[in-house]
Amino acid sequence: MIVRSLRLLTLLILVVVSWLLAFGNNQITSLTFLGWVTPPMPLFVWLILAVFLGIVIGLVFGRFTGRKAARK
27 MIVRSLRLLT LLILVVVSWL LAFGNNQITS LTFLGWVTPP MPLFVWLILA VFLGIVIGLV
87 FGRFTGRKAA RK
């Protein structure tokens, strides 16, 4: 029960922080990297994508390091 409540609270906090980012950073931005130019999108979209990508990469690397440590 406590774990479920913590997950719900974490999700609620994430939604509120995302809303605040969207409200405060709605300026259109285009990123440039080594000659590549992205389509113009609001800044909060780039921020949310960066957070999501970081979570996915962290989970993938966590799985690989967990398997390697379990073998030893």
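For the sequence shown, my numbering gives the first residue as 27, with consecutive numbering after it.
Ideal Cβ placement from N, Cα and C applies to all residues, glycine included.
Item to check | Nearest-angstrom Cα separation, counted from Leu-60 out to Trp-72 | outcome: 18 Å
Checklist entry - Which whole-angstrom value describes the C-beta separation of Phe-70 and Leu-47, a residue pair presumed to lie in contact below a C-beta threshold of 8 Å? => result 5 Å
Checklist entry - Short check: CB of Ile-74 to CB of Pro-66, under 8 Å? => result no
Checklist entry - Name the DSSP bridge partner or partners of Pro-68? => result Ile-54
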